[in-house]
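*Asks:* The structure's right below; bear with me while I get my questions together.
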Amino acid sequence: MTARRLYKDVDSAPGSVGDVLRLIRSTGVVSRSALARMTGLAPSTVSLRVDTLVSAGLVREIGSVSPGRARRGRRLMLDGASGFVLAIELGANHVRLALTDLAGRRLLDSDTSGDSAPLSRTISPRAAVDELWQRFEELVRGSDHDPSGLRAVAIGVPAPVSYPEGRIVTPTFNPSWDGVVLGDLFAEHTEVPILVENDANLIALAERSDELDPEQSQLIAVKLGTRIGSGIITGGRLHRGISGAAGELAHTEVNGVSAIGCTCGIPNCLESIASGGAIIARLRDAGHDVSSTERLLTLAAQGDPAVVEELREAGIRIGRVLGIIANFLNPKEVVLAGSLSASPPLVAAIRGELYRVCLPLVADDLEVRASRAPRDAPIRGASVLALDEILAPARVNVLTRDRALDQADTP
Ligand SMILES: [Zn+2]
């Protein structure tokens, strides 16, 4: 079907209605006079913009009005209660759904309600989408939220995703899903925007700095689990490249021999040698009883020398590739997420090798850190992605213009 137009990547005019909402959203709570200073608009123009946002249900006024001071005592904030977005984390062993209001507050979470069971490994994409939609309806049922409040859906998948059409490419979790556009299947259930994104990109979005100006964020996020994924934020935005493949550092050819197959087609890629799955495969070949990353962590914590050595060698390989990319991008942070980011020997080896191969100017300002909320990052990133789209200045400009036309047409 058609590629969806994503408004979050469309620039909007400074001082437009959508741009004023962007400022209110990024500031938290703000006065009309502060908005006038920030935009350079006349106070009367700011009031017109704000009134439009209030009547569209996107902004509300708080604070008291003292007699004779009109609105000057009032402050403005995003009206989070005017709708919600659905975030879905589609993992091989875990499927999580969460509802977040427009201000980013978590309303419902399938992890809390105890229904985050994985989908069947052989399920078709269409049946999967039907089941996900059913889970959404069940999650909302029994709460005081109305399904009609849904504004957007964002789905994270452990596979490369082409951009902007959201097509899944060479997924290792189920090769029969290659070429699937989940958004087209969701469109049979809802008309709201559907965004599909690689899960490591979502982790990168979730780790984008909330402090100071998020537009200053420069980071590389790496998901270390059975597989390896990574996402890049430059200037506060996800860097996807021309087709969505940016950040696929796991498929860089490195020294060594593949321990597992990889659908990328590149011989001896980093993932096929240094991922959790590759480490497990080598240890099993050597007679170790290990079949999961959790078991790897346990054996490493017990000091099993072969396991610790495998993790250390994998860390050196991952750190070397990250160092090359850090020299190229000069990021502020490298964020380690995923189950294996809890492994001290792996993380120490990544850190050591990364700093060893970094240029001094790159290393001086670089922080290698753990994810702030490793379990929550993919679902939080999906919520951020959906909110960035639904509150994108260009989309808000279209929405408020359409509303004004509708009102003008009403006899
Ligand atoms: Zn590969």
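Residues in the sequence shown are numbered consecutively from -11, following the numbering used here. Heads up, the beta-carbon is just placed ideally off N, CA and C, and yes, glycines get one too.
1) Any heavy atom of ligand 1 closer than 7 Å to the Cβ of Ile267?
2) Hey, quick one: how far does the alpha helix (DSSP H) through Arg62 stretch, first residue to last?
3) Since Asp89 is in the beta strand (DSSP E), which residue starts that stretch and which ends it?
4) Given the structure, does Ser263 come close to ligand 1, in the sense that its CB is under 7 Å from one of the ligand's heavy atoms?
5) How big is the Cα-Cα spacing for Thr408 and Pro293?
6) Ordered along the chain, which non-local residues of its own chain (more than five positions away) have a Cβ less than 8 Å from that of Ile261?
7) Assuming the contact rule is C-beta atoms closer than 8 Å, Ala192 and Ala142 should be a hit. Round their C-beta distance to whole Å, please.
8) Here's the rule: buried if 16 or more other CB atoms are within 10 angstroms of the residue's CB, otherwise exposed. What is Asn81?
9) Got a list of residues with beta-carbon closer than 5 Å to any non-hydrogen atom of ligand 1, in chain order?
10) According to DSSP, simplified to helix, strand and coil, what is Val386?
11) Compute the Euclidean distance between the alpha carbons of Ala269 and Leu212, then round it to the nearest angstrom.
12) Roughly how far, in whole angstroms, is the beta-carbon of Leu11 from the beta-carbon of Leu23, given that I think they are within contact range, below 8 Å?
13) If contact is defined by three or more beta carbon pairs under 8 Å, each pair taking one atom from either stretch, is the segment 102 to 118 in contact with the segment 341 to 358?
14) Residue ranges of each beta strand (DSSP E) run of no fewer than 3 residues wholly in the segment 151 to 228, ordered along the chain?
15) On the premise that Leu41 lies in contact with Ser47, defined as a C-beta separation below 8 Å, what is that separation, rounded to the nearest angstrom?
16) Which word fits Gln290, buried or exposed, when buried means at least 16 other C-beta atoms lie within 10 angstroms of its C-beta?
17) Can you have a look at Pro163 and say buried or exposed, based on whether 16 or more other CB atoms are within 10 angstroms of its CB?
18) I'd like the span of the alpha helix (DSSP H) that includes Asp7, first residue to last.
19) Say whether the segment 209 to 225 touches the segment 328 to 345, bearing in mind that this needs 3 or more beta-carbon pairs closer than 8 Å, one atom from each stretch.
*Replies:* Let's see:
1) Within the chosen limit of 7 Å, ligand 1 does not reach the beta carbon of Ile267 with any heavy atom.
2) Per DSSP, Arg62 belongs to no alpha helix (DSSP H) and is neither H nor E.
3) Start and end: 83 to 89.
4) No, ligand 1 has no heavy atom inside 7 Å of this Cβ.
5) This structure does not reach residue 408, given that the chain is present from -11 up to 399, and the question cannot be answered.
6) Closer than 8 Å at the Cβ level, and outside the excluded window around Ile261, lie Val242, Gly244, Val245, Ser246, Ala247, Ala302, Arg305.
7) Rounded, the Cβ-Cβ distance is 14 Å, inconsistent with contact.
8) Exposed, since its Cβ has fewer than 16 Cβ neighbours within 10 Å.
9) Working through the chain, the matches are His239, Cys250, Cys252, Cys257, Glu259.
10) Looking at Val386 - three-state DSSP - the assignment turns out to be helix.
11) Counting only the Cα atoms, Leu212 lies some 16 Å from Ala269.
12) Rounded, the Cβ-Cβ distance is 6 Å, consistent with contact.
13) These segments do not touch.
14) DSSP runs (the beta strand (DSSP E)) wholly in the segment 151 to 228: 182 to 186, 207 to 212, 216 to 222.
15) Looking at the sequence shown, residue 47 is not Ser but Val. Indeed they touch by this definition, with Cβ atoms about 4 Å apart.
16) Exposed, because fewer than 16 other Cβ atoms sit within 10 Å of the Cβ of Gln290.
17) Pro163 is classed as exposed because its beta carbon has fewer than 16 other beta carbons within 10 Å across all chains shown.
18) Where Asp7 is concerned, the enclosing alpha helix (DSSP H) stretches over 5 to 15.
19) Enough Cβ pairs lie closer than 8 Å, so yes.
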